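All remarks here apply to the structure that follows.
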Amino acid sequence: MMQMTMDELTVGQKGAVKAINAPKQLKRRLMDMGFTKGVGVEVVKLAPMGDPMEVSLRGYHLCLRKAEARAIELR
Amino acid sequence: MQTIALIGNPNCGKTTLFNTLTGTTAYVGNWPGVTVEKKEGLVNGHRILDLPGIYSLSPYSPEEKLSRRYILDEQPDLIIDVIDATNLERSLYLTTQLAELGRPLLLALNMEDLLEKEGIRIDARRLSQMTGCPVVQISASKGTGINALLEEIERSLEQKKLPMQPLFSNFIERYITTIIEDDYLHQIPKGRQMRWAAIKLLEADELFLSSMPAPPQAFQTYIEQARKELVEHYDDDVQAIIIDQRYKVAEHIAKDCQVRTKKAKQFNFDNLATSKFGAIPLFIAIMAAVFYLSIGLVGGYTTGWLESFFAFASVHIQTLADAMQVHPLLSGILVDGIIAGVGAVLTFVPQLFVLFLLLSILEDCGYMARIAFIMDRLMRSMGLSGKSIIPLVIGTGCSVPAIMSSRTIEHQKQRELTVIVTPFIPCGAKMPVFALMLTYFFPGKWFIAPLIYLLGILAVIITGLLARALDKHKETNAFILELPRYQIPAAKNVWLQTKDRTLGFIQKAGTIILLSSVIIYLLSSYSFTLQAVDAESSMLAILGRLISPLLAPLGFGFWQASVALLTGIAAKESIVSTLSVTIGTASLGSFFTPDTALSYMTFILLSSPCIAAISAMFKELGSKRKLLFAVLWQTGFAYVAALIIRSATLLLL
Ligand SMILES: Nc1nc2c(ncn2[C@@H]2O[C@H](COP(=O)(O)OP(=O)(O)OP(=O)(O)O)[C@@H](O)[C@H]2O)c(=O)[nH]1
Ligand SMILES: [Mg+2]
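These protein sequence lines map, in sequence, to chains B and V. Counting in numbering that gives the first Met the number 0, the first sequence runs from 0 upward without gaps. Counting in numbering that gives the first Met the number 0, the second sequence runs from 0 upward without gaps.
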């Protein structure tokens, strides 16, 4: 089966986090912000030049670059 | 005296609460990372500390390290965990970490005023039961619940009750219990909780391990076995497992204590502010409007009026002084020194007031973080981060807070680059000299003022591109930024910030500028043998001529211009006051020509900033060598740019 990562979501699409594949520091950082297993995420917006992206999770909004979003694997 | 620390996520209102409790005016703004230094105050005879916001106790940027170090090392008598009540779940994640520190904990549920609008209800009693902490609902900006909070602070300081420990799943708790029972745990630092230490051991936290003696072999084997079993069971690394468990606790508490009736509605302004084609033009339009309103519109009305006022005052004081037969030295100090110098600066108070007002509205409404969002891509291509735009915008008011705000940029190189380029953006204190020159030499040519800002931006871009081209590693790093909600700026915040900054400017006029005007007047009236002489043979002229040859290629190689630049190091407003003491604002034309005026402005715009900004740069760069490089780069850049601008205008005019 194909793996889906968060940067592939289009605006308005939702997903649930399956795993984070990133170096330790970035992984901790993302998890501290609430990207833990099973949490629901939704892409709210893309910046004018298509990157970074705004996502909502746990009732708040966060922006991150697509490079980081790629580390977040969805199911 | 007991110590209270305000801890919480970024942008949850800690500083607003600190200001309310202590009656001070610390810097408040609606984006994460406004506070970068710890700030102390007094409340009811207790020491209270405002700290930078953190999402967790594992820090990523320098200002977060400060907070972590503070709460781990200093052991405050009470931690007030400030929680944005509209963001309960994520805030509780930090709470689960604070609860393990072995300090009394008080939860302040802030932003209570927004709950109804957001359709959220929170059961504070239940929250208190589940966490074992007292809970107070407050609104720091509206001032509600503050008395209840003060009472609860006293009670907590007295009772010293520790919070309940968040419990993880049974599988993990088994290991924690076993570890706690081991004798080795008695060697943990004083004041620490066993449970906290056990978790740190499982996580293999480097900082903690390095503070402990080596464990006995059997115990070490047990820990390693435990880690291995955890990793196998959860299929993840131990640190991730613990974070996951903490969030589960947070979710559980939030679910039990909070009802969300309706979903928060979509922002409307945001659709425009971050739209594909509208976003960047809108940003430019907003910044242009800020300058047009403050410098153009307001300045147009008030500057002339204030100038005539000071002219009027000096004529009459002079007449009065002559009538009273005051010694010419005294009347000279007063009229040609103080009134000329300080007056020239005070003329700009209304403009700066409006500029500061508009900037603080911008800072409090939630737009700043969006600018970082929309500009990140562009900034990245210059080796900067989206977060670098925040210092650049703040820098239009004053470079000092702007340079400090770069501390939230995690990546060291990007942070240092931001510090170096921020002074290229003309601050409010440089405005007077531009306004003076522009109205004198280019009346009616409105388009030159925006070109000055453009030139500043160009300097940022060129420096960024060069730095990027020279950087061999080209590493990129994470850009993760919470986007706060939009809000109508809190009138109290906006007023306090504006007042504070405007008074700061006036105060500078009454101190540094006053002093330097008097000194400049005296130095320009006497020779080294203390004879009253005309300006051309004064001490000041001789001193100024020491450096003026260096500036001759730029077209302003006369001593008055050099001296003004030198006093500009104390404060940039001094340039105007010095020029008006030594030349007199009315006779600028006999010294400058349009092309040298342009090159003078260019040099002032880009050369090294005032001493306050230089020391802010030193603080952020952290090394004398880097500071020297920064100042040389800025001044060298200014020199070359002024040379180019002058040659270009000479060719064109
Ligand atoms: N509606 C509402 N807004 C508030 C309240 N308290 C603070 N704010 C706003 O929240 C924003 C952040 O406030 P700050 O006091 O700067 O937050 P902070 O926690 O110090 O933030 P950092 O220094 O970045 O960690 C500002 O725009 C305040 O006006 C409140 O009780 N109600
Ligand atoms: Mg703050």
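The beta carbon of each residue, even a glycine, is placed where N, CA and C say it ideally should be. Given the structure is predicted, the values throughout are model-derived calculations rather than measurements.
Practice task
Would you grab the beta carbon distance between residue 496(V) and residue 359(V) for me? Rounded to a whole angstrom, and I think it's under 8 Å.
Solution key: On the second sequence, residue 496(V) is found 497 positions in, with the first residue counted as 1. On the second sequence, residue 359(V) is found 360 positions in, with the first residue counted as 1. 4 Å between Cβ atoms; contact.
Practice task
Have a look at 558(V), 27(V), 423(V) and flag the residue whose alpha-carbon is nearest the alpha-carbon of residue 535(V).
Solution key: If you number the second sequence from 1, residue 535(V) lands on position 536. Answer by Cα proximity: 558(V).
Practice task
Determine the chain B residues that contact residue 467(V) at a beta-carbon separation under 8 Å, and present them in chain order.
Solution key: Taking the first residue of the second sequence as position 1, residue 467(V) is located at position 468. Listed by position along chain B, the residues whose Cβ is nearer than 8 Å to that of residue 467(V) form an empty set, because the closest Cβ is around 17 Å away.
Problem - residue 609(V) Cβ short of 7 Å to ligand 1 heavy atom set - result: Walking along the second sequence from the start, residue 609(V) turns up at place 610. No, ligand 1 has no heavy atom inside 7 Å of this Cβ.
Handout entry: Residues in the segment 24 to 57 of chain B having any Cβ partner in chain V nearer than 7 Å
Key = Residues passing the 7 Å Cβ filter: 25, 26, 27, 28, 30, 31, 32, 33, 35, 36, 44, 46, 47, 48, 50, 51, 53, 57.
Exercise for the section: Check whether the Cβ of residue 661(V) lies closer than 7 Å to any heavy atom of ligand 2, and answer yes or no. Expected result: Residue 661(V) is absent from the model: chain V starts at 0 and stops at 652.
Problem - C-beta contact flag for residue 515(V) and residue 573(V) at 8 Å - result: For the purposes of this step, residue 515(V) is taken as the residue at position 516 of the second sequence. For the purposes of this step, residue 573(V) is taken as the residue at position 574 of the second sequence. It is a contact, given that the beta carbons lie within the stated cut-off.
Practice task
Label residue 182(V) either buried or exposed according to how many other C-beta atoms from any shown protein chain fall within 10 Å of its C-beta, with 16 as the threshold for buried.
Solution key: What you label residue 182(V) is simply residue 183 of the second sequence in a count that begins at 1. With fewer than 16 Cβ atoms within 10 Å of its Cβ, residue 182(V) is classed as exposed.
Practice task
For residue 67(B), return the contacting residues in chain V, with the cut-off set at a CB-CB distance below 7 Å.
Solution key: By one-based count along the first sequence, residue 67(B) stands at place 68. Under a criterion of Cβ atoms nearer than 7 Å, the residues of chain V adjacent to residue 67(B) are, in order, 477, 479.
Practice task
Name the residue from 294(V), 292(V), 170(V) whose alpha carbon lies nearest to the alpha carbon of residue 233(V).
Solution key: Within the second sequence, residue 233(V) is the residue found at index 234, counting from 1. When only C-alpha atoms are compared, the closest one is 170(V).
Exercise for the section: Compute every distance between the C-beta of residue 381(V) and the non-hydrogen atoms of ligand 1, then say whether any falls below 7 Å. Expected result: Residue numbering aside, residue 381(V) sits at position 382 when the second sequence is read from its first letter. Taking the Cβ of residue 381(V) as the reference point, every heavy atom of ligand 1 lies at 7 Å or farther away.
Handout entry: Delimiting residues of the alpha helix (DSSP H) encompassing residue 239(V)
Key = Residue mapping note: residue 239(V) aligns to position 240 of the second sequence, counting from 1. Taken as a continuous stretch (DSSP letters only), the alpha helix (DSSP H) holding residue 239(V) covers 237 to 256.
Handout entry: Cβ shell of residue 148(V) (< 7 Å), same chain only, five flanking positions each side left out
Key = Walking along the second sequence from the start, residue 148(V) turns up at place 149. The beta carbon of residue 148(V) lies closer than 7 Å to those of 107, 135, 137 in the same chain, with the five residues before and after it left out.
Practice task
Examine the Cβ distances between the segment 464 to 482 of chain V and the segment 427 to 442 of chain V and report whether three or more of them are shorter than 8 Å.
Solution key: No, the segment 464 to 482 of chain V is not in contact with the segment 427 to 442 of chain V.
Practice task
Answer yes or no: does any C-beta atom of chain B fall closer than 8 Å to that of residue 98(V)?
Solution key: In the second sequence, the residue the question calls residue 98(V) occupies position 99. Taking Cβ atoms only, chain B never reaches closer than 8 Å to residue 98(V), which makes this a no.
Handout entry: CB contact below 8 Å: residue 61(B) versus chain V
Key = Here residue 61(B) is taken as the residue at index 62 of the first sequence, counted from 1. Output row for residue 61(B): interface = yes.
Handout entry: Cβ-heavy atom distance, residue 33(V) to ligand 3, below 7 Å
Key = Ligand 3 is not among the ligands present in this structure, which contains only ligand 1 and ligand 2.
Handout entry: heavy atom of ligand 2 below 7 Å from residue 21(V) C-beta
Key = The sequence position of residue 21(V) within the second sequence is 22, counting from 1. Set against 7 Å, the gap from the CB of residue 21(V) to the closest heavy atom of ligand 2 is not smaller.
Handout entry: 6 Å CB neighbourhood of residue 362(V) in its chain, flanking five on each side removed
Key = The residue you call residue 362(V) lines up with position 363 of the second sequence. Only 28 meet the Cβ criterion.
Problem - Near-chain B residues of the segment 32 to 59 of chain V - C-beta to any C-beta below 8 Å - result: Within the segment 32 to 59 of chain V, the residues whose Cβ lies closer than 8 Å to some Cβ of chain B are 54, 55, 57, 59, listed in chain order.
Practice task
Please find out if some non-hydrogen atom of ligand 2 comes closer than 7 Å to the beta-carbon of residue 417(V).
Solution key: Here residue 417(V) refers to the residue found at position 418 when the second sequence is read from its first residue. False, no ligand heavy atom lies under 7 Å from that Cβ.
Practice task
Could you check what DSSP says for residue 73(V) in three-state terms: helix, strand or coil?
Solution key: Looking up residue 73(V) in the second sequence gives position 74. Looking at residue 73(V) - three-state DSSP - the assignment turns out to be coil, as it is neither helix nor strand.
Handout entry: Proximity winner among 619(V), 25(V), 278(V), relative to residue 492(V) (alpha-carbon distances)
Key = Numbered from 1 along the second sequence, position 493 holds the residue referred to as residue 492(V). When each option's Cα is compared against that of residue 492(V), the closest is 25(V).
Exercise for the section: Excluding the 5 residues preceding and the 5 following residue 255(V) in the sequence, name in chain order all residues of the same chain whose CB lies nearer than 7 Å to its CB. Expected result: As a position in the second sequence, residue 255(V) is number 256, starting the count at 1. Answer for residue 255(V): 125, 129, listed in chain order.
Problem - Identity of the residues DSSP links to residue 41(B) by a beta bridge - result: The residue you call residue 41(B) lines up with position 42 of the first sequence. Note: residue 41(B) is bridge-paired with 13(B), 55(B) in the DSSP secondary-structure output.
Exercise for the section: Please state whether DSSP places residue 325(V) in a helix, a strand or coil. Expected result: By 1-based counting over the second sequence, the position of residue 325(V) is 326. Note: residue 325(V) maps to coil in three-state DSSP.
Handout entry: Alpha-carbon spacing of residue 488(V) relative to residue 368(V), whole angstroms
Key = Counting from one through the second sequence, the residue named residue 488(V) turns up at place 489. Counting from one through the second sequence, the residue named residue 368(V) turns up at place 369. C-alpha separation (whole angstroms): 15 Å.
Practice task
Using a threshold of 8 Å, state whether the C-beta atoms of residue 52(B) and residue 42(B) are closer than that.
Solution key: Here residue 52(B) corresponds to residue number 53 of the first sequence, with the count starting at 1. Here residue 42(B) corresponds to residue number 43 of the first sequence, with the count starting at 1. Residue 52(B) places its beta carbon less than 8 Å from that of residue 42(B).
Practice task
Enumerate, from N- to C-terminal direction, the unbroken alpha helix (DSSP H) stretches of 4 or more residues contained entirely within the segment 275 to 307 of chain V.
Solution key: Fully enclosed alpha helix (DSSP H) runs of 4 or longer: 278 to 290.
Exercise for the section: Pair every Cβ in the segment 0 to 16 of chain V with every Cβ in the segment 77 to 88 of chain V, then say whether three or more of these pairs are closer than 8 Å. Expected result: The segment 0 to 16 of chain V makes contact with the segment 77 to 88 of chain V; the number of CB pairs closer than 8 Å reaches 3 or more.
Exercise for the section: Measure the CB-CB distance between residue 109(V) and residue 16(V) and report whether it falls below 8 Å. Expected result: Start at 1 with the first residue of the second sequence, and residue 109(V) comes out as number 110. Start at 1 with the first residue of the second sequence, and residue 16(V) comes out as number 17. Their beta carbons are under 8 Å apart, which means residue 109(V) touches residue 16(V) by this criterion.
Problem - Contacting residues, own chain, Cβ-Cβ under 7 Å from residue 383(V) (five flanking each side not counted) - result: Numbered from its first residue, the second sequence carries residue 383(V) at position 384. Same-chain partners within the cutoff: 413, 416, 417, 463.
Handout entry: In DSSP terms, what residue 39(V) is bridged to
Key = The residue given as residue 39(V) occupies position 40 in the second sequence. DSSP output for residue 39(V) lists 48(V) as bridge partner(s).
Handout entry: For residue 68(V), three-class secondary structure by DSSP
Key = Looking up residue 68(V) in the second sequence gives position 69. The three-state reading of DSSP puts residue 68(V) in helix, counting H, G and I together.
Exercise for the section: Would you check if the distance between the CB atom of residue 74(V) and the CB atom of residue 168(V) is smaller than 8 Å? Expected result: Within the second sequence, residue 74(V) is the residue found at index 75, counting from 1. Within the second sequence, residue 168(V) is the residue found at index 169, counting from 1. No Cβ-Cβ contact shorter than 8 Å links residue 74(V) with residue 168(V).
Exercise for the section: Using three-state DSSP, classify residue 7(V) as helix, strand or coil. Expected result: One-based indexing of the second sequence puts residue 7(V) at position 8. Reduced to three states, the DSSP call for residue 7(V) is strand.
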